[in-house]
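Q:
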Amino acid sequence: MGHSQAQKAENRERILALAAAHIRAHGIDSLAVAPLMDAAGLTHGGFYGHFASRDALIAAAIMRALDDGAAGAARASGGSLGEIARSYLSRRHRESPATGCAIAAIGSETTRASDASRAAMAAQIDAFIAGVRPFVADEDHAALAVSAMVGALTLARIYPDRDSADAVLKAVRTAIATLDTQAAADP
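Numbers 490 to 676, taken from this note's numbering, label the letters of the sequence shown in order.
#1: Under DSSP, the alpha helix (DSSP H) around residue 642 begins and ends at which residues?
#2: Mind checking which residues open and close the alpha helix (DSSP H) that includes residue 536?
#3: Three or more beta-carbon pairs under 8 angstroms between the segment 498 to 507 and the segment 530 to 543, yes or no?
#4: Less than 8 angstroms between C-beta atoms, sequence neighbours within five positions excluded: which residues of the same chain meet that for residue 658?
#5: What does the Cβ neighbour count give for residue 586, buried or exposed, with the cut at 16 atoms within 10 Å?
#6: Sort 591, 540, 523 and 494 by Cα distance to residue 509 and report the nearest one.
#7: What residue does the alpha helix (DSSP H) around residue 607 start on, and which one ends it?
#8: Excluding the five sequence neighbours on either side, which residues of its own chain have a C-beta within less than 7 angstroms of the C-beta of residue 664, listed in chain order?
#9: Enumerate in chain order the residues of its own chain whose CB-to-CB distance from residue 520 is below 8 angstroms, with the five nearest sequence positions on each side excluded.
#10: Just curious, the alpha helix (DSSP H) that residue 665 is in, first and last residue?
#11: Just confirm the distance between the C-beta atoms of residue 555 and residue 624, as a whole number of angstroms; I'd bet it's less than 8 angstroms.
#12: Measuring CA to CA, which of 610, 496, 632 and 656 is closest to residue 619?
#13: For residue 670, tell me which candidate among 613, 593, 626 and 522 has the shortest Cα-Cα distance.
#14: Report the option in 572, 595 and 602 whose CA atom is closest to the CA atom of residue 516.
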């Protein structure tokens with residue numbers, strides 16, 4: 490790969506990283522090409538050398554956000570559902586939408602996105618459920634646990650006061666602990 494191709498790949502990665510963080514923090518609709526390219530240190534005109542359209546950028550940014558969130562979840566997951574819930578339903582995660590779970594950050598917006606973006610989101614949800622499955626009685630309980638965690642994180646981010654937000658997170662952490670068959674099986 491020549492220097493120009495390597496630089497182009499590096500620039501694309503920088504654009505995607507910025508776009509993924511932006512949509513998790515501010516939403517899909519708020520992503521504008523000119524400010525994004527400026528933040529990446531590139532010209533607006535150079536955008537089309539990387540993406541065919543804003544929609545193509547959004548689809549790629551959603552996929553990057555999902556990949557980033559999955560990598561973070563893999564690092565945070567532990568040996569029990571309780572550990573996963575403690576990490577996922579933490580104040581730190583709640584206050585870091587730009588680096589946290591893309592499912593909670595942009596899931597509802599993705600319902601109006603392209604089929605490819607929705608398919609990527611669905612695959613990530615399935616992977617999250619599969620990651621929880623070893624700790625619960627069955628697939629239904631895994632889907633329940635994931636739904637509760639994503640919903641609680643989303644709701645906690647809505648509350649303007651920390652106490653109410655923390656109460657939602659704590660309530661769901663406590664409820665999810667009752668689903669953890671591994672913890673119940675340990676002496």
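Backbone N, C-alpha and C define an ideal beta-carbon position, used for all residues, glycine too. Bear in mind that the values here come from a model prediction, so they are computed numbers and not experimental data.
A: The structure says:
#1: Position 153 of the sequence shown, counted from the start, is the residue given in the question as residue 642. In the DSSP annotation of this structure, the continuous segment of the alpha helix (DSSP H) that includes residue 642 starts and ends at 628 to 647.
#2: Sequence index remark: in the sequence shown, residue 536 carries index 47 (1-based). For residue 536, no alpha helix (DSSP H) encloses it, and the DSSP letter there is neither H nor E.
#3: They touch, by the three-pair rule.
#4: What you label residue 658 is simply residue 169 of the sequence shown in a count that begins at 1. Leaving aside the five residues that flank residue 658 on each side, the residues in its chain whose CB is nearer than 8 angstroms to its CB run, in chain order, 578, 579, 580, 583, 641, 642 and 645.
#5: Counting from one through the sequence shown, the residue named residue 586 turns up at place 97. Burial call: buried.
#6: For the purposes of this step, residue 509 is identified with residue 20 of the sequence shown, where counting begins at 1. It is 591 whose Cα lies nearest to the Cα of residue 509.
#7: Start at 1 with the first residue of the sequence shown, and residue 607 comes out as number 118. Judged by DSSP secondary structure, residue 607 falls within the alpha helix (DSSP H) whose first and last residues are 604 to 621.
#8: Walking along the sequence shown from the start, residue 664 turns up at place 175. For residue 664, same chain residues with a beta-carbon under 7 angstroms away, outside a window of 5 residues either side, are 637 in chain order.
#9: The sequence position of residue 520 within the sequence shown is 31, counting from 1. Correct list, in chain order: 508, 511, 512, 543, 546, 547 and 550.
#10: Counted from its first residue, the sequence shown places residue 665 at position 176. That run of the alpha helix (DSSP H) goes 651 to 666.
#11: Along the sequence shown, read from residue 1 onward, the residue named residue 555 stands at position 66. Along the sequence shown, read from residue 1 onward, the residue named residue 624 stands at position 135. For residue 555 against residue 624, the beta-carbon gap comes to about 22 angstroms, at or over 8 angstroms, which does not count as contact.
#12: Here residue 619 refers to the residue found at position 130 when the sequence shown is read from its first residue. Here the closest residue by C-alpha is 632.
#13: Position 181 of the sequence shown holds residue 670. Each of 613, 593, 626 and 522 was checked against the Cα of residue 670, and the nearest Cα belongs to 626.
#14: By one-based count along the sequence shown, residue 516 stands at place 27. Closest by alpha carbon: 595.
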